[in-house]
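Q: For what it's worth, the working numbering labels the leading residue of the sequence shown as 28, then goes sequentially.
Backbone N, C-alpha and C define an ideal beta-carbon position, used for all residues, glycine too.
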Amino acid sequence: MVDGITRAGKFLLGSVISAFEGLEFIQYSLAFETMLILHRLGKMDLDTLRALSHLEMDSMAFNMAIGRSLNGRQVDLSCINRAPDAASFLARAAVEDREELVRRFKEERRLPLHICHEGLPSAPVIFELFPKVRLVSILRDPAALAMSWFKRGWGRRSGANDGQVFSLFFTAPGEPRPWWALDWQEDYAQLSEMERCVLSIAALQNEARRGFEAAGGAASGRVCFVRYDTLVEKPDAVLATMAGFLGRKPGPALSVIMTQQRLPGALPAGQRMKHLEAIAGLISPRYRPVLEQACAEYDGYWKDLSV
28 MVDGITRAGK
38 FLLGSVISAF
48 EGLEFIQYSL
58 AFETMLILHR
68 LGKMDLDTLR
78 ALSHLEMDSM
88 AFNMAIGRSL
98 NGRQVDLSCI
108 NRAPDAASFL
118 ARAAVEDREE
128 LVRRFKEERR
138 LPLHICHEGL
148 PSAPVIFELF
158 PKVRLVSILR
168 DPAALAMSWF
178 KRGWGRRSGA
188 NDGQVFSLFF
198 TAPGEPRPWW
208 ALDWQEDYAQ
218 LSEMERCVLS
228 IAALQNEARR
238 GFEAAGGAAS
248 GRVCFVRYDT
258 LVEKPDAVLA
268 TMAGFLGRKP
278 GPALSVIMTQ
288 QRLPGALPAG
298 QRMKHLEAIA
308 GLISPRYRPV
318 LEQACAEYDG
328 YWKDLSV
């Protein structure tokens, strides 16, 4: 499972991992993410979460194995035509014998590959639900994330005002809030767009740390952290780490995927400072230390854990 904060680069990393031997192509379940949130907020008990999440993941693995529900939208990063061996996935849809396809899936020890947004805060329950899961968490500089969120409109968009936002927002004074902002003392409605982005990134990074640390020994050897900058500029280091973590070798189509994704690449010099200067003009001085602290944790705590 490839996890990370929204806009961290999950689909980029997922596309690279999908080129390893025996990996299925990227799948994404909004339902699974939503169930994790509901459980976290006490709206869904563990037994219900276990039953529904297993049903969701099993059905997704089955559908991929038999060539059903493949994403054909050409511009999506999860479009099946972007898969390392797209022809083989498409060919499954023409095979009448589903049992044969499932048998091959098991014999070849295929590994489903899922994308998850903000799943690390729920790490303890994920490991309890799926004891064999391997979680790859992609990390990105908080200043870059805040700028990316702002440009995408995540400081103003919600399920209440945008029909293309498919995530839970909850009733709160002022206007609906995402789950991570429910206990904020700040008046969400009075925050600027950029302030919402900055506080959201900081909150999610903190929740991720709490979730990872709460998992304790259950996370040992089962979580791998990858920095976005390393993936872009030094992908060979990420590939070597992934090979050891997954116990799989890079497949023959990896070079094609790397070319498609323009890896390795180069990030602009002095990017963080430019982001910080731009953000400073859009937030109250009282919130600047929040972003500075998030960047410091990224440079310290998270860097020490990641490739």
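1. Go through its chain and collect everything with a Cβ distance to Asn90's Cβ below 8 Å, but skip five positions before and after it.
2. Evaluate Ala92 with the Cβ neighbour count: other Cβ atoms within 10 Å of its Cβ, from every protein chain shown; 16 or more gives buried, anything less gives exposed.
3. Per DSSP, what are the beta-bridge partners of Leu147 in this structure?
4. Excluding the five sequence neighbours on either side, which residues of its own chain have a C-beta within less than 8 Å of the C-beta of Phe193, listed in chain order?
5. Distance check for Ser219 and Gly190, CA to CA, integer angstroms please.
6. Identify which residue in Asp331, Ser164 and Pro316 has its Cα closest to the Cα of Gly36.
7. What residue does the beta strand (DSSP E) around Gly238 start on, and which one ends it?
8. Per DSSP, which one or two residues make a beta bridge with Gln54?
9. With DSSP as the reference, label Asp85 as helix, strand or coil.
10. I'd like to confirm the pairing. Which residues does DSSP put opposite Arg254 in its beta bridges?
11. Comparing alpha-carbon positions, which option in Asn188, Lys133, Gly308 and Gln232 lies nearest Pro169?
12. Rounded to whole angstroms, what is the Cα-Cα separation between Arg204 and Ser227?
13. Pull up the distance between the alpha-carbon of Ile153 and that of Leu172, whole angstroms please.
14. Could you spell out where the beta strand (DSSP E) holding Gly31 opens and where it closes?
15. Could you spell out the range, first to last residue, of the alpha helix (DSSP H) harbouring Pro262?
16. Ends of the alpha helix (DSSP H) at Lys301?
17. Contact check, Val225 vs Ser333 under 8 Å by CB: the rounded distance?
18. Helix, strand or coil: which one does DSSP assign to Phe47?
19. Give the C-beta separation of Ala280 and Pro111 to the nearest angstrom, bearing in mind that I take them to be a contact with Cβ-Cβ under 8 Å.
20. Note the first and the last residue of the continuous alpha helix (DSSP H) segment covering Gln320.
21. Shortest alpha-carbon distance to Pro139 belongs to which of Leu156, Ser86 and Pro148?
22. For Pro123, which of Phe272, Ser80, Trp176 and Gly94 has the nearest alpha-carbon?
23. Using the Cα positions of Ser42 and Leu290, report the straight-line distance between them to the nearest angstrom.
A: Based on what the coordinates show:
1. Within the sequence shown, numbered from 1, the residue matching residue 90 stands at position 63. Contacts found: Ser96.
2. Indexing the sequence shown from 1 puts residue 92 at position 65. By the 10 Å Cβ count, Ala92 comes out buried.
3. Position 120 of the sequence shown, counted from the start, is the residue given in the question as residue 147. Answer is none; Leu147 lacks a bridge partner.
4. Your numbering for residue 193 matches position 166 in the sequence shown. Within the same chain, Phe193 has close Cβ partners Leu57 and Gly186.
5. To locate residue 190, count along the sequence shown from 1; it is residue 163. To locate residue 219, count along the sequence shown from 1; it is residue 192. Taking the straight line joining both Cα atoms gives about 22 Å.
6. By one-based count along the sequence shown, residue 36 stands at place 9. Ranking Asp331, Ser164 and Pro316 by Cα distance to Gly36 puts Ser164 first.
7. Along the sequence shown, read from residue 1 onward, the residue named residue 238 stands at position 211. For Gly238, there is no enclosing beta strand (DSSP E); the enclosing alpha helix (DSSP H) has its first and last residue at Glu220 to Ala242.
8. The count along the sequence shown starts at 1 and reaches residue 54 at position 27. Gln54 is bridged to His141.
9. In the sequence shown, residue 85 corresponds to position 58, counting from 1. In this structure, Asp85 counts as helix in the three-state DSSP scheme.
10. Your numbering for residue 254 matches position 227 in the sequence shown. DSSP, once it has assigned bridges, lists Leu166 as partnering Arg254.
11. The residue given as residue 169 occupies position 142 in the sequence shown. Nearest option by C-alpha distance: Gln232.
12. Taking the first residue of the sequence shown as 1, we reach residue 204 at position 177. Taking the first residue of the sequence shown as 1, we reach residue 227 at position 200. If you take the alpha carbons of Arg204 and Ser227, they lie about 11 Å apart.
13. In the sequence shown, the residue the question calls residue 153 occupies position 126. In the sequence shown, the residue the question calls residue 172 occupies position 145. Leu172 has its alpha-carbon roughly 25 Å from the corresponding atom of Ile153.
14. For this step, residue 31 is matched to residue 4 along the sequence shown. Segment Val29 to Gly31, the beta strand (DSSP E) holding Gly31.
15. Position 235 of the sequence shown, counted from the start, is the residue given in the question as residue 262. Its alpha helix (DSSP H) spans residues Pro262 to Leu273.
16. What you label residue 301 is simply residue 274 of the sequence shown in a count that begins at 1. Segment Gln298 to Ala307, the alpha helix (DSSP H) holding Lys301.
17. By one-based count along the sequence shown, residue 225 stands at place 198. By one-based count along the sequence shown, residue 333 stands at place 306. Contact flag wrong, Cβ pair sits at about 22 Å.
18. Against the sequence shown, residue 47 aligns to sequence position 20. If DSSP states are grouped into helix, strand and coil, Phe47 belongs with the strands.
19. As a first step, residue 280 must be located in the sequence shown, where it is residue number 253. As a first step, residue 111 must be located in the sequence shown, where it is residue number 84. Yes, they are in contact, since the Cβ atoms of Ala280 and Pro111 sit about 4 Å apart, within 8 Å.
20. Start at 1 with the first residue of the sequence shown, and residue 320 comes out as number 293. It spans Arg315 to Glu324 - the alpha helix (DSSP H) in which Gln320 sits, taken as one unbroken run.
21. The count along the sequence shown starts at 1 and reaches residue 139 at position 112. Comparing Cα positions, the closest option is Ser86.
22. Mapped onto the sequence shown, residue 123 falls at position 96. The sequence given here places Glu at residue 123; Pro does not occur at that position. Out of Phe272, Ser80, Trp176 and Gly94, Gly94 has the C-alpha closest to the C-alpha of Glu123.
23. Numbered from its first residue, the sequence shown carries residue 42 at position 15. Numbered from its first residue, the sequence shown carries residue 290 at position 263. Distance between the alpha carbons of Ser42 and Leu290: 12 Å.
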